[in-house]
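Trainee:
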Amino acid sequence: MKQISLFFLSILFTCNIVAQNTTTGNLILPSIFSDNIVLQREAPIPIWGTASPGQRVLVIFKTQKKFTTADNKGNWMLRLSPVKAGGPYNITIIACDTIMIKNVLIGDVWVASGQSNMEMPIAPNKYFTGIQNYKEEVSAANDSLLRIFSVQKNSVVEKPQTQMKGQWMEANPANAGKFSAVSYFFGKNIRKKLRIPIGIIHTSWGASPAQAWTSAKVLSSDPDFQKVVTDWKKLDDEYLAKVAIYKKDSADCAKKIQNGDTSLLKSLSKAPTYPILLQKRPATLYNGMLFPLIPYAIKGVIWYQGEGNESNPKLYDKLFPAMITNWRNDWGQGIFPFLFVQLAGFKKLQTEPSEGGWARLREAQTKALKLPNTGMITAVDIGDEKDVHPKNKQEVGYRLAQCALGKVYKRKVVYSGPTYSKMRIKGNEIYLYFRNTNGGLMVSNSNKINGFAIAGHDKKFVWANARIQGNKVIISNDSIKTPVAVRYNWANNPIGNLCNRTGLPTIPFRTDDWE
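Just add 687 to wherever you are in the sequence shown, counting from 1, and you've got this note's numbering.
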């Protein structure tokens, strides 16, 4: 008690000094520390903000009273001790000003990020047509213990930011239509099982590639990544050169108009526009929409992205794991769970064994599972031939929730479809062995197994005959006497129908590494 009294005296003393230099409130919190917030349970809870340099800051939460001093730039941070799930509570922050954060819950906090299939809201807006049954989903959203904070888009940033804009919202019919559909259904499903408050921090942007979500430091550490930055700088230089010409022409035109000469008006072109969407700029979304969240205490991350890197899957082999490691290192909260969605089927439905940029990108996503504490669900079976934004986001959120419940929360649930393990060649047949069969292999929507292609030494794939035998599939084609490789669901929009007894689809794969 004496310590707290002395602390208040020190605040009064420093406030008298501050009052001589400013007439406005000096205590500022990032927007994420606002009413309706959800904080991570059973972990140290960082709280930070700015005040006047040297200002004493006190944070009161439940029985905790923690204090610190702003540094010479006015930045301060402290960590509340871990607490169990519960609420609602209030948090009071006192410096020269006092801020009270109301309706605080303690539970699990997940970051939801990626591009448009993560951004896609439940209800239609100017960019999206809405998910299936969106009216029913919006009207049924009524859970004050499920809350989502959506980070406002910010792409014009050259260095990491400390502030972002956003607002915590409870799940109710007034708010739910604006929620990221995947993140909402993920949160809804784990809320149902865990029965604790769930907070989702949603930060995504359509058409963004992984390099936009990766720090400049990491991008500069690898020659392959550096080329992405160099290519972008070339675009920058070309654009700035056009702007310079436009400004000069505009100035010349303005001078002539002052002298009554309007002849240049007809030849004056429009102001140049940037040739590529700004959210594609390397590191920009990391700087503006991710870094301001660090080191907010979280449980893990869910991620839905990849379409924006279709043109260079080979780069994604390295870039995606590097991005995950980048986030973990910078967050400083260990190897937290990172769960992601493998791309849905899209474009013309496969009719013959074929290549496809999306097939190769899915493979790059699968390779990222080599990183510890990662998990992947596939959406290859719930895509849309004509729409890059398939509407069944309920199933995507459900599968991600099952993955979290199984991998992170150690519940006995099935969260993965069959996964290729190894192969053996016996004469003119190839035996494929699988994990995660969960009671055995089966086919969906047909009596015939579709999606398997087989090739010999000529590397020419043809459709294969396939039959199930326990936890393996036996592949052959009468025209290939010495088979060497198999591919399954290897296409932009494949037709495979192999699944496990729970109906989860087999993860696409190939046994070869041919370019």
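Think of the CB as a built atom: it goes at the ideal place given N, C-alpha and C, for glycine as much as any other residue.
#1: Is the beta carbon of Lys1080 less than 9 Å from the beta carbon of Asn829?
#2: How do the stretch 901-915 and the stretch 1116-1133 stand: do at least 3 beta-carbon pairs fall below 8 Å, yes or no?
#3: Please report how far the alpha carbon of Gly1032 lies from the alpha carbon of Tyr983, in whole angstroms.
#4: Using the Cα positions of Asn1162 and Lys1057, report the straight-line distance between them to the nearest angstrom.
#5: Quick one: measure Cβ to Cβ for Gly987 and Leu1026, integer angstroms, because I've assumed they're closer than 8 Å.
#6: Would you mind sorting Tyr1102 into buried or exposed? The rule is 16 or more other CB atoms within 10 Å of its CB.
#7: Would Arg728 be called buried (16 or more neighbouring beta carbons within 10 Å of its own) or exposed?
#8: Considering only the beta carbon of each residue, do Ile780 and Val725 sit closer than 9 Å?
#9: Of the choices Lys1147, Ser1131, Ala1153, whose alpha-carbon is the least far from that of Tyr1118?
#10: May I ask you to list the residues that DSSP assigns as paired with Leu745?
#11: Quick one: is Ile944 buried, meaning 16 or more other Cβ sit within 10 Å of its Cβ, or exposed?
#12: For Lys1001 and Asn1180, what's the separation of their Cα atoms in angstroms?
#13: Whole angstroms is fine: what's the gap from His889's alpha carbon to Thr960's?
#14: Determine the closest residue to Arg1111 out of Val1160, Ala1151, Arg1086, Ala1088, with distance taken between C-alpha atoms.
#15: Let me know the secondary structure DSSP gives Lys658 once reduced to three states.
#16: In whole angstroms, give me the CA-to-CA distance for Tyr776 and Leu1087.
#17: Taking 6 Å as the limit between beta carbons, can you name the residues of its chain near Thr782, skipping five residues before and five after?
#18: Who are the near neighbours of Thr709 in its chain, counting only those whose CB is closer than 8 Å to its CB and skipping five residues on each side?
#19: Here's the rule: buried if 16 or more other CB atoms are within 10 angstroms of the residue's CB, otherwise exposed. What is Gln819?
#20: Whole angstroms are fine: how far does the CA of Cys1090 sit from the CA of Lys1097?
#21: For the stretch 872-902, list the beta strand (DSSP E) runs that are entirely contained and at least 3 residues long, ordered along the chain.
#22: Give the DSSP-derived three-state secondary structure of Asp909 in the structure shown.
#23: Pull the bridge partners of Cys1090 from the DSSP assignment, please.
#24: Mind the definition here: the stretch 763-774 touches the stretch 849-869 only if three or more C-beta pairs lie below 8 Å; say whether that holds.
#25: Would Gln860 and Ser826 qualify as a contact pair, given that the criterion is a beta-carbon distance under 9 Å?
#26: Given a threshold of 16 other Cβ atoms within 10 Å of its Cβ, counted over all protein chains shown, does Leu972 qualify as buried or as exposed?
#27: Which residues does DSSP pair with Asn996 in a beta bridge?
#28: Could you round the C-beta distance between Pro1040 and Ala1140 to whole angstroms and report it? I think they count as a contact, below 8 Å.
#29: If distances are taken between C-alpha atoms only, which option among Lys749, Pro979, Pro1024 comes closest to Ile719?
#30: Please say whether Gly794 and Ile734 have beta carbons closer to each other than 9 Å?
#31: Whose C-beta lies closer than 6 Å to the C-beta of Ser895 among residues of the same chain, with five residues either side of it excluded?
#32: Considering only their Cβ atoms, is the gap separating Asn1115 from Lys1168 smaller than 9 Å?
#33: Can you list, in chain order, the residues of its chain whose CB lies under 8 Å from that of Ile985, leaving out five sequence neighbours each side?
#34: Which residue from Asn876, Ala1142, Arg1049 puts its Cα closest to that of Pro832?
#35: Bridge partners of Ser800, per DSSP?
#36: Alpha carbon to alpha carbon, what distance is there between Thr1065 and Phe1121?
Mentor: According to the structure data:
#1: Translated into positions along the sequence shown, residue 1080 becomes position 393. Translated into positions along the sequence shown, residue 829 becomes position 142. Result no, Cβ atoms of Lys1080 and Asn829 do not sit closer than 9 Å.
#2: no
#3: Residue numbering aside, residue 1032 sits at position 345 when the sequence shown is read from its first letter. Residue numbering aside, residue 983 sits at position 296 when the sequence shown is read from its first letter. Going from the Cα of Gly1032 to the Cα of Tyr983 covers about 35 Å.
#4: Counted from its first residue, the sequence shown places residue 1162 at position 475. Counted from its first residue, the sequence shown places residue 1057 at position 370. It should be noted that the sequence gives Ile, not Asn, for residue 1162. One C-alpha to the other measures close to 27 Å.
#5: Position 300 of the sequence shown, counting from 1, holds the residue named residue 987. Position 339 of the sequence shown, counting from 1, holds the residue named residue 1026. Contact flag correct, Cβ pair sits at about 7 Å.
#6: To locate residue 1102, count along the sequence shown from 1; it is residue 415. Buried: at least 16 other Cβ atoms inside 10 Å.
#7: Position 41 of the sequence shown, counting from 1, holds the residue named residue 728. Under this definition Arg728 is a buried residue.
#8: Taking the first residue of the sequence shown as position 1, residue 780 is located at position 93. Taking the first residue of the sequence shown as position 1, residue 725 is located at position 38. The answer is no: Cβ separation not under 9 Å.
#9: Translated into the one-based positions of the sequence shown, residue 1118 becomes position 431. Residue Ala1153 is the option with its Cα nearest to Tyr1118.
#10: Within the sequence shown, the letter at position 58 stands for residue 745. Here Leu745 is bridged, per DSSP, to Phe754, Ile781.
#11: Position 257 of the sequence shown, counted from the first residue, corresponds to residue 944. It counts as exposed.
#12: Stepping through the sequence shown from its first residue, residue 1001 is reached at position 314. Stepping through the sequence shown from its first residue, residue 1180 is reached at position 493. Near 20 Å, if we compare the C-alpha coordinates of Asn1180 and Lys1001.
#13: The residue you call residue 889 lines up with position 202 of the sequence shown. The residue you call residue 960 lines up with position 273 of the sequence shown. Just so you know, the alpha carbons of His889 and Thr960 end up roughly 29 Å apart.
#14: One-based indexing of the sequence shown puts residue 1111 at position 424. Ranking Val1160, Ala1151, Arg1086, Ala1088 by Cα distance to Arg1111 puts Val1160 first.
#15: Given that the chain is displayed from residue 688 to residue 1202, the structure contains no residue 658 and the question cannot be resolved.
#16: In the sequence shown, residue 776 corresponds to position 89, counting from 1. In the sequence shown, residue 1087 corresponds to position 400, counting from 1. Going by the C-alpha atoms only, they are around 30 Å apart.
#17: Translated into positions along the sequence shown, residue 782 becomes position 95. The identity of residue 782 in the sequence shown is Ala, whereas the question assumes Thr. The residues are Leu714, Ala738, Gln742, Val744.
#18: By one-based count along the sequence shown, residue 709 stands at place 22. Reliability of the predicted coordinates at Thr709 is poor, the pLDDT of 33 falling under 50, and the value obtained from them is presented with this limitation in mind. Closer than 8 Å at the Cβ level, and outside the excluded window around Thr709, lie Ser739.
#19: As a first step, residue 819 must be located in the sequence shown, where it is residue number 132. Only exposed fits Gln819, as fewer than 16 other CB atoms lie within 10 angstroms of its CB.
#20: As a working mapping, residue 1097 is identified with position 410 in the sequence shown. As a working mapping, residue 1090 is identified with position 403 in the sequence shown. Using only the alpha carbons, I get a separation of about 10 Å.
#21: 885-891
#22: As a position in the sequence shown, residue 909 is number 222, starting the count at 1. In this structure, Asp909 counts as coil in the three-state DSSP scheme.
#23: On the sequence shown, residue 1090 is found 403 positions in, with the first residue counted as 1. Answer is none; Cys1090 lacks a bridge partner.
#24: no
#25: Numbered from 1 along the sequence shown, position 173 holds the residue referred to as residue 860. Numbered from 1 along the sequence shown, position 139 holds the residue referred to as residue 826. Gln is not the amino acid found at residue 860; the sequence shown has Pro there. Taking 9 Å as the Cβ cut-off, Pro860 and Ser826 qualify as a contacting pair.
#26: Walking along the sequence shown from the start, residue 972 turns up at place 285. Around the CB of Leu972, 16 or more other CB atoms lie within 10 Å, so the residue is classed as buried.
#27: Numbered from 1 along the sequence shown, position 309 holds the residue referred to as residue 996. Per DSSP, none; premise fails for Asn996.
#28: Within the sequence shown, residue 1040 is the residue found at index 353, counting from 1. Within the sequence shown, residue 1140 is the residue found at index 453, counting from 1. With 8 Å as the limit, Pro1040 and Ala1140 qualify as a contact, their Cβ atoms being about 4 Å apart.
#29: Numbered from its first residue, the sequence shown carries residue 719 at position 32. Nearest of Lys749, Pro979, Pro1024 to Ile719, Cα basis: Pro979.
#30: As a first step, residue 734 must be located in the sequence shown, where it is residue number 47. As a first step, residue 794 must be located in the sequence shown, where it is residue number 107. With contacts defined as CB atoms closer than 9 Å, Ile734 and Gly794 fail to qualify as a contacting pair.
#31: For the purposes of this step, residue 895 is identified with residue 208 of the sequence shown, where counting begins at 1. These residues qualify, in order along the chain: Gln802, Gln966, Leu972, Gly995.
#32: The count along the sequence shown starts at 1 and reaches residue 1168 at position 481. The count along the sequence shown starts at 1 and reaches residue 1115 at position 428. For Lys1168 and Asn1115, yes; Cβs fall inside 9 Å.
#33: The residue labelled residue 985 in the question sits at position 298 within the sequence shown. Within the same chain, Ile985 has close Cβ partners Gln727, Val796, Trp797, Val798, Ile888, Trp1018, Gln1020, Phe1023.
#34: Position 145 of the sequence shown, counting from 1, holds the residue named residue 832. The identity of residue 832 in the sequence shown is Leu, whereas the question assumes Pro. Comparing Cα-Cα distances from Leu832 to each of Asn876, Ala1142, Arg1049, the minimum goes to Asn876.
#35: Mapped onto the sequence shown, residue 800 falls at position 113. Under DSSP, Ser800 shares a beta bridge with Thr890, Trp990.
#36: For the purposes of this step, residue 1121 is taken as the residue at position 434 of the sequence shown. For the purposes of this step, residue 1065 is taken as the residue at position 378 of the sequence shown. Going by the C-alpha atoms only, they are around 16 Å apart.
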